[in-house]
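Peer 1: If you scroll down you'll find the structure; I have some questions about it.
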Amino acid sequence: MVNHFRNNFALVAVASVLLATASQNAFSHTRLTVNSSPESSSAHGTTTTAVNVPHGCGDNPVIGNVIFLPDTDSAIVQTSTDNFANFETPEGATALNYIVNPPFIRLIKSRDVFDHQEFIKDPLGNPIGFWAAGGELPAHNWVGQLPFNITSVAIQPESCASKVVLVPAIANICNITSMAEINSQDPDNPNVDFWTAPDVGSPYDAPSWSYPATYTVERDLENNPLPESCGEGLAVRIIPSAAQLNRDMPVKIDDQQVWPLP
Numbered sequence: 001m002v003n004h005f006r007n008n009f010a011l012v013a014v015a016s017v018l019l020a021t022a023s024q025n026a027f028s029h030t031r032l033t034v035n036s037s038p039e040s041s042s043a044h045g046t047t048t049t050a051v052n053v054p055h056g057c058g059d060n061p062v063i064g065n066v067i068f069l070p071d072t073d074s075a076i077v078q079t080s081t082d083n084f085a086n087f088e089t090p091e092g093a094t095a096l097n098y099i100v101n102p103p104f105i106r107l108i109k110s111r112d113v114f115d116h117q118e119f120i121k122d123p124l125g126n127p128i129g130f131w132a133a134g135g136e137l138p139a140h141n142w143v144g145q146l147p148f149n150i151t152s153v154a155i156q157p158e159s160c161a162s163k164v165v166l167v168p169a170i171a172n173i174c175n176i177t178s179m180a181e182i183n184s185q186d187p188d189n190p191n192v193d194f195w196t197a198p199d200v201g202s203p204y205d206a207p208s209w210s211y212p213a214t215y216t217v218e219r220d221l222e223n224n225p226l227p228e229s230c231g232e233g234l235a236v237r238i239i240p241s242a243a244q245l246n247r248d249m250p251v252k253i254d255d256q257q258v259w260p261l262p
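Residues in the sequence shown are numbered consecutively from 1, following the numbering used here.
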């Protein structure tokens, strides 16, 4: 299985050589097709969305994808009163100070882009993401969508959060290489595109805040009003930590790491 995965990646990496623009604007970024939902305490409520992949890495097609949501046990929490033009990282704050329950995912079976998908799970075994491989998205003029559901999230009633922005970590893999051949700060790297938060402290950090996708949970102010002391409330951002990125970004099959090459 491991050799098949590697061989498949190697074959499709050279299967398409198409012209791609090196410049990337907001419309060419990797994003979620549905990027917001109202909060919900429903145990069965989910939002259907997809990873929207609009291009490859330079001339190289995308041959694999990794996406995962923040693990609320270790996530970085930031708050803002001006929609993150400025923000703070409250000392000791955890994700569960602002949301009642962590978000999980449910995969929607699809082979439109990739033949194989595997869950990424938190330390308790809950599905928080997935990786996909065994196929390709040509480098230019094609869009790939990887569908999944995000389970409902409720906002802590006593918190001042008017909305909670979850920041997933996403990588579009275009070549199987070692970490020595990956520079996450290079927007023109032909091997991988990272759509992650910047300045987290991992080798997978994107160059700036224009890169990461977001998924926003809006507070239900009618059924879950802000406490009077909160004024207009806070925007809260929840980001995967460096420890989580280092744990969940590498692709493993049968406990063997196949990307980045060890």
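Each residue gets a CB set at the ideal place from its N, CA and C atoms; glycine is no exception.
Between the alpha carbons of Ser225 and Gln78, how many angstroms are there, rounded?
Peer 2: Against the sequence shown, residue 225 aligns to sequence position 225. Against the sequence shown, residue 78 aligns to sequence position 78. According to the sequence displayed, residue 225 carries Pro and not Ser. The alpha-carbon atoms of Pro225 and Gln78 are separated by roughly 21 Å.
Peer 1: Do Leu166 and Ala128 have their beta-carbon atoms positioned less than 8 Å apart in this structure?
Peer 2: Reading the sequence shown from its first residue, position 128 is the one you call residue 128. Reading the sequence shown from its first residue, position 166 is the one you call residue 166. Sequence inspection shows Ile at residue 128; the Ala mentioned does not correspond to that position. Not in contact: Ile128 and Leu166 (Cβ atoms no closer than 8 Å).
Peer 1: Quick check on Arg111: does DSSP put it in helix, strand or coil?
Peer 2: Locating residue 111 in the sequence shown gives position 111, counting from the first residue. Three-state DSSP puts Arg111 in coil, outside helix and strand.
Peer 1: Measuring CA to CA, which of Val236, Asp122, Ala206 and Asn223 is closest to Tyr215?
Peer 2: On the sequence shown, position 215 is the one that residue 215 refers to. The candidate whose alpha carbon is nearest that of Tyr215 is Val236.
Peer 1: Is the shortest distance between the beta-carbon of Cys230 and the beta-carbons of chain C less than 8 Å?
Peer 2: Given the protein chain composition of this structure (a single chain), no chain C is represented.
Peer 1: Can you grab the Cα-Cα spacing for the pair Ile155 / Asp255, in whole Å?
Peer 2: By one-based count along the sequence shown, residue 155 stands at place 155. By one-based count along the sequence shown, residue 255 stands at place 255. One C-alpha to the other measures close to 36 Å.
Peer 1: Among residues of its own chain, excluding the 5 on either side of Asp268, which ones have a beta-carbon nearer than 8 Å to its beta-carbon?
Peer 2: As shown, the chain starts at 1 and ends at 262. That puts residue 268 outside it, with no answer to give.
Peer 1: Check each candidate in Ser36, Val66, His29 and Asn83 and name the one with the smallest Cα separation from Asn246.
Peer 2: On the sequence shown, position 246 is the one that residue 246 refers to. Checked all of Ser36, Val66, His29 and Asn83; the closest Cα to Asn246 is Val66.
Peer 1: Is it buried or exposed, Thr47, if we count other Cβ atoms within 10 angstroms and call 16 or more buried?
Peer 2: For the purposes of this step, residue 47 is taken as the residue at position 47 of the sequence shown. Buried: at least 16 other Cβ atoms inside 10 Å.
Peer 1: Would you list, in sequence order, the uninterrupted beta strand (DSSP E) runs of no fewer than 3 residues that lie entirely inside the segment 162 to 210?
Peer 2: You should have 169 to 173 and 192 to 195.
Peer 1: So, under 8 Å CB-CB, Ser28 and Pro54 are touching, yes? Tell me the CB distance rounded to an integer number of Å.
Peer 2: The residue labelled residue 28 in the question sits at position 28 within the sequence shown. The residue labelled residue 54 in the question sits at position 54 within the sequence shown. Right, their Cβ atoms sit about 5 Å apart.
Peer 1: Tell me where the beta strand (DSSP E) around Ala65 begins and ends.
Peer 2: Counted from its first residue, the sequence shown places residue 65 at position 65. Before going further, note that residue 65 is Asn rather than Ala in the sequence given. It spans Val62 to Phe68 - the beta strand (DSSP E) in which Asn65 sits, taken as one unbroken run.
Peer 1: Any contact of the segment 148 to 164 with the segment 103 to 112, i.e. 3+ C-beta pairs under 8 Å?
Peer 2: The segment 148 to 164 is in contact with the segment 103 to 112.
Peer 1: What do you get for Asn173, buried or exposed, if any count of 16 or more other CB atoms within 10 angstroms of its CB means buried?
Peer 2: Against the sequence shown, residue 173 aligns to sequence position 173. One detail in the question is off: residue 173 reads as Ile in this sequence, not Asn. Result: buried.
Peer 1: Quick check: what's the CA-CA separation for Ala171 versus Asp193?
Peer 2: As a first step, residue 171 is located in the sequence shown; it is residue number 171 there, counting from the start. As a first step, residue 193 is located in the sequence shown; it is residue number 193 there, counting from the start. Computed Cα separation, rounded: 6 Å.
Peer 1: For my contact list, Pro203 and Met179 are in at a C-beta cut-off of 8 Å; report their separation, rounded to the angstrom.
Peer 2: Taking the first residue of the sequence shown as 1, we reach residue 203 at position 203. Taking the first residue of the sequence shown as 1, we reach residue 179 at position 179. Confirmed, about 6 Å.
Peer 1: Decide if Pro227 is buried, meaning its Cβ has at least 16 other Cβ atoms within 10 Å, or exposed.
Peer 2: Within the sequence shown, residue 227 is the residue found at index 227, counting from 1. Burial call: exposed.
Peer 1: Using alpha carbons as the reference points, say which of Asn175, Asp199, Asp71 and Pro61 lies closest to Gln185.
Peer 2: Within the sequence shown, numbered from 1, the residue matching residue 185 stands at position 185. Answer by Cα proximity: Asp199.
Peer 1: Here's a check: name, in chain order, each residue in its chain whose Cβ is nearer than 6 Å to the Cβ of Ala13, leaving out the five neighbours to either side.
Peer 2: The sequence position of residue 13 within the sequence shown is 13, counting from 1. In this prediction, Ala13 scores a pLDDT of 38, lower than 50, which makes its location untrustworthy; the coordinate-derived value is nonetheless stated afterwards. So the list reads Ile63 and Asn175, once near-sequence residues are dropped.
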